[in-house]
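As you go down the protein sequences, you meet chains B and D in turn.
For the first sequence, the working numbering assigns the number 148 to the initial residue and increments by one for each residue that follows.
For the second sequence, the working numbering assigns the number 148 to the initial residue and increments by one for each residue that follows.
Structure first, then comments.
2 protein chains.
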Amino acid sequence: MELYFHSLLKGLNLKTTPRRIALLEILDDEQGYLSPEDVWMRMKRKFRSLGLPTVYRNLEELHEGNIISRVIHPDRKLYYYFCRNEEHHHHFVCVSCRRVEDLNFCAGREMEKLVVEGIRGRVLSHILQINGLCSECVLKEGAVSDE
Amino acid sequence: MELYFHSLLKGLNLKTTPRRIALLEILDDEQGYLSPEDVWMRMKRKFRSLGLPTVYRNLEELHEGNIISRVIHPDRKLYYYFCRNEEHHHHFVCVSCRRVEDLNFCAGREMEKLVVEGIRGRVLSHILQINGLCSECVLKEGAVSDE
DNA sequence: TTGCAAATGAAAATTGTTTCTATTTATTAC
DNA sequence: GTAATAAATAGAAACAATTTTCATTTGCAA
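Right, here's the structure in full:
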């Protein structure tokens, strides 16, 4: 694995540092996506004196090199995830407990068709977020509003 | 028109101030969308001492009241525009010229089913936004990246 | 017209992200 | 292996968009 990461980095003319390896491992282990701060917190377990700018810089370099993907969520923050040729998916966000669950669902194909045929434009990316109550919070059924 | 705006504001229990009228007029005149700062600059022509927080506050209140719509551009800034379509719908946002087009498409039903049956949760709302290039910008095909 | 809650301006705070700079480190040529 | 050097890093500071705070002003219901 480390060898594979090394060759990826080499391909971008980036040096293979322990931090970059760790960052790639973290993203590779995650099935969802992570904010720079999420990545930072995970990496800090290993590198006590890691700076947040280092995380931002590396995430952005790897994104530019097409090794990881970036999404911009409606919360206006950046999120990154490892590029797998796996099914693109979206997240269900519980507005009560803030848990996030993956949804193996994407309307991308339909949207693309609609945009290409209807508007005659081109789709570059899309943002989909579903807000609701997860099973536990549905039971608790507290006075939770959608915001 | 002013009367119409007055009734809209009344419906939200918001007072009819000269600033709110001007703000609504500006958004109503625009066929695309505007950033809070865009709105601020246009309003300053009329109100010399207008504060930017006032613009942010009002845009957000009107958005919450469903009088104006909000989109989040890939540049991570907020943009607002006047709601003309009553149906629930989604947005196609041209990342090049900033035009917004309504898409009469919603995958809400499928998502709902998936969430209820799969996760056993409840959907409260969803946000779907498609970023891309509109027909004109596809033709121009400039060096525009999804950024 | 008056009283009061709502709206506002100005300044300051916050948040997420980026830049700067001195120091450290991975790689390359020997 | 080792030295030279260009890239990578930490830490501090800068930044930009947005939000909060609070004292003052204003719309509007009584």
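All residues carry an ideal CB built from backbone N, CA and C; glycine is no exception.
Ordered along the chain, which non-local residues of its own chain (more than five positions away) have a Cβ less than 8 Å from that of B:Pro-183?
In the same chain as B:Pro-183, and ignoring 5 residues on each side of it, the C-beta atoms closer than 8 Å to its own belong to Leu-199, Val-202, Tyr-203, Leu-206, Leu-225 and Tyr-227, in chain order.
Verify whether the separation of the beta carbon atoms of D:Arg-166 and D:Leu-197 is less than 8 Å.
yes
Where does D:Asn-278 land, buried or exposed, given buried means 16+ other C-beta within 10 angstroms?
The residue in question, D:Asn-278, is buried, as its Cβ has 16 or more Cβ neighbours within 10 Å.
Using only the alpha-carbon positions, how far apart do D:Tyr-180 and D:Met-190 sit?
Roughly 15 Å between the two C-alpha positions.
Interface positions of the stretch 254–276 of chain B facing chain D (Cβ-Cβ less than 8 Å), listed along the chain
Ala-254, Glu-257, Met-258, Leu-261, Val-262, Gly-265, Ile-266, Arg-267, Gly-268, Arg-269, Val-270, Leu-271, Ser-272, His-273, Ile-274, Leu-275 and Gln-276
For chain B, is any of its Cβ atoms less than 8 Å away from the one on D:Ile-214?
no
Which first and last residues belong to the beta strand (DSSP E) in which D:Ser-216 is found?
215–219
Beta-carbon proximity list for D:Ile-173, same chain, < 8 Å, skipping 5 on both sides:
Leu-181, Val-186, Arg-189 and Met-190
Using only CA atoms, which one of D:Arg-195, D:Val-263, D:Gln-276 and D:Pro-221 lies nearest to D:Asp-249?
D:Gln-276
Using a Cβ-Cβ cut-off of less than 7 Å, give me the residues of the stretch 161–183 of chain B that come near chain D, in sequence order.
none
Report the CB separation of B:Ser-216 from D:Arg-267 in whole angstroms; it is logged as a contact under 8 Å.
Wrong, their Cβ atoms sit about 29 Å apart, outside the cutoff.
Quick one: residues in its chain with C-beta nearer than 7 Å to the C-beta of D:Arg-246, no 5 flanking neighbours on either side, listed in chain order?
Gly-179 and Cys-281
Are any of the Cβ atoms in chain B nearer than 8 Å to that of D:Asp-293?
Bear in mind that the predicted position of D:Asp-293 carries a pLDDT of just 39, short of 50, making it unreliable; the figure below should be weighed with that in mind. Contacts with chain B at 8 Å (Cβ-Cβ) include D:Asp-293.
List the whole-angstrom C-beta distance separating D:Val-240 from D:Val-218, where the pair is believed to meet the contact cut-off of C-beta under 8 Å.
5 Å
Rounded to whole angstroms, what is the Cα-Cα separation between D:Gly-289 and D:Cys-230?
Here the model assigns D:Gly-289 a pLDDT of 49, short of 50, so the residue's position is not dependable, and the following value carries that caveat. Roughly 30 Å separates the two Cα atoms.
Quickly, what does DSSP pair B:Tyr-227 with across the bridge? List them, please.
B:Leu-181 and B:Arg-217
Identity of the residues DSSP links to D:Asp-249 by a beta bridge:
D:His-238
Measuring only between beta-carbons, confirm whether B:Lys-287 sits less than 8 Å from chain D.
no
For the stretch 227–250 of chain D, which residues have a beta carbon sitting closer than 9 Å to at least one beta carbon of chain B?
His-237, Phe-239, Cys-241, Val-242, Glu-248 and Leu-250
Flag B:Ser-196 as yes if its beta-carbon sits less than 8 Å from any beta-carbon of chain D, otherwise no.
no
For D:Leu-161 and D:Glu-149, the rounded distance between their alpha carbons:
14 Å
Expressed to the nearest angstrom, what Euclidean distance is found between the alpha-carbon atoms of D:Val-262 and B:Lys-287?
Distance between the alpha carbons of D:Val-262 and B:Lys-287 is about 17 Å.
What does the Cβ neighbour count give for D:His-273, buried or exposed, with the cut at 16 atoms within 10 Å?
Buried, because 16 or more other Cβ atoms sit within 10 Å of the Cβ of D:His-273.
Under 8 Å, do D:Ala-254 and B:Ala-254 count as touching if we go by C-beta distance?
yes
Compare the C-beta of D:Arg-223 with all C-beta atoms of chain B and state if any pair is closer than 8 Å.
yes
Contact check, B:Glu-257 vs D:Phe-252, beta carbons under 8 Å
Yes, they are a contact pair.
Residues of chain D with CB under 9 Å from B:Leu-280, in chain order?
Gly-268, Arg-269, Val-270 and Leu-271
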